[in-house]
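Q: Pasting a structure below so you can have a look.
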């Protein structure tokens, strides 16, 4: 990676936090050697005990002045260190920061992790995103979620720059060596962003480098189980491969969540539905209901209803939800009931087996509500009447 990217003209390597800690203060001492300000302040505020109050008060005033100076020096040290990170990490110079960007830099010094997350969500400026990224590196608080949120907002030029530097120094991202999920999430984010920006070559390079060696093995062993990222992985894999090749890759993973994400893309594929029917135990109650519905003959033989069921799953994000919330349950139940109404109106219930198949779908829906809803009587009565044809 990083073909054609220019190195910063100062010739320095990426700055790590250990380098920052060695930055000297104005008086030549290491910032780590400065006495804790709170202890010094408490000492200054103690009741005087000397017989010569004038001398002691004068000494304490001088001590307070030194304490203020130390505080100012520490703030200056942090600011200088952040500038050093910025100069060595990004494509902008600390000397060219606008007043607004300097204000942002100062704001970051006093911000909590949650406040920085909010800043990332609100920020659109490429330069501001780089300032935030540099600050997180300085604080040793660049986690994969923050990195991904920043990466998904970068333009191609900035993305190449950030990717190149973090690829050379991956330990800047917390947990890169200790947590396999961190690396996979970052790689999926990079590949997804490159694809969105139209750079399929770079996206495919990451996929080809990681899919067989890392992603799929980690999915198969259960090390990597993040539903949202599994969904993004499937979307990335839908490149130039034909459907059968992609299906085989997912089936080989033996992962039901990955299979469910693939079913959303190919809801008519019989292999995927059979695979999910055998492995639905690991899914939540709504996902298991989806599997039972997609394998019911009334639905599986109807292209229109099958596609509609997949669109409902995608719209309600059923494949990427591990825990079912009351709101998700209500929305899903209501939408599924609409499908049952359409089936009742479009299917010939006099034809042998159809009435039983519809009743089976009703039973599945009622059982789902009994497991998850606090009060399911309203839904149960309505759905049963639908199956009998007298509910409207």
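In the working numbering, the protein residues as written are 1 to 392.
Note that CB positions come from ideal geometry on N, CA and C, so glycine has one too.
Just so you know, these numbers come straight off a predicted model, no measurement behind them.
1) Below 6 Å CB to CB, which residues in the same chain sit around residue 283 once its five sequence neighbours on both sides are set aside?
2) Taking the alpha-carbon positions, what's the residue 271 to residue 213 distance?
3) Between which two residues does the alpha helix (DSSP H) containing residue 249 stretch?
4) Measure the Cβ-Cβ separation of residue 357 and residue 297 and say whether it is below 8 Å.
5) DSSP on residue 314, reduced to helix/strand/coil?
6) Compare the C-beta of residue 347 against all C-beta atoms of chain D and say whether one is closer than 8 Å.
7) Suppose you measure from the CA of residue 200 to the CA of residue 194; what does that come to, to the nearest Å?
8) Going by C-alpha distance, which of 196, 183, 261 is nearest residue 210?
9) Could you check the C-alpha separation between residue 141 and residue 104 for me, to the nearest Å?
10) Tell me whether residue 175 sits in a helix, a strand or coil according to DSSP, three-state version.
11) Using 8 Å as the cut-off, can you tell me whether the stretch 216-234 makes contact with the stretch 257-267, which would need three or more C-beta pairs spanning the two stretches below that distance?
12) For residue 234, which option in 221, 253, 340 has the closest C-alpha, if you only look at C-alpha atoms?
13) Would residue 151 and residue 190 qualify as a contact pair, given that the criterion is a beta-carbon distance under 8 Å?
14) Can you tell me where the alpha helix (DSSP H) holding residue 301 begins and where it ends?
15) Name the two residues that bound the continuous alpha helix (DSSP H) containing residue 208.
16) Closest by CA to residue 363, which one among 264, 175, 333?
17) Nearest CA to the CA of residue 359: which residue from 292, 331, 204?
18) Kindly list the residues whose CB is nearer than 7 Å to the CB of residue 326, restricted to its own chain and excluding five residues on each side of it in sequence; keep chain order.
A: Once the coordinates are examined:
1) Hits under 6 Å: 256.
2) When rounded, the distance between both Cα atoms is 25 Å.
3) It spans 243-253 - the alpha helix (DSSP H) in which residue 249 sits, taken as one unbroken run.
4) Yes, the pair counts as a contact, with Cβ atoms nearer than the cut-off.
5) Of the three classes helix, strand and coil, the one that applies to residue 314 here is helix, per DSSP.
6) No chain D appears in the structure shown, which is made up of a single protein chain.
7) Their Cα atoms are separated by approximately 7 Å.
8) When each option's Cα is compared against that of residue 210, the closest is 183.
9) Roughly 17 Å between the two C-alpha positions.
10) Correct three-state label for residue 175: coil.
11) Taking a contact to require three or more Cβ pairs closer than 8 Å, the stretch 216-234 and the stretch 257-267 qualify as touching.
12) Checking every option, the nearest Cα to that of residue 234 belongs to 253.
13) In this structure, residue 151 lies near residue 190, with their beta-carbon atoms less than 8 Å apart.
14) Per DSSP, residue 301 belongs to no alpha helix (DSSP H) and is neither H nor E.
15) Counting along the chain, residue 208 sits inside the alpha helix (DSSP H) bounded by residues 200-210.
16) Ranked by Cα distance from residue 363, the options 264, 175, 333 are led by 333.
17) The residue among 292, 331, 204 with its C-alpha nearest the C-alpha of residue 359 is 292.
18) Here the set comprises nothing.
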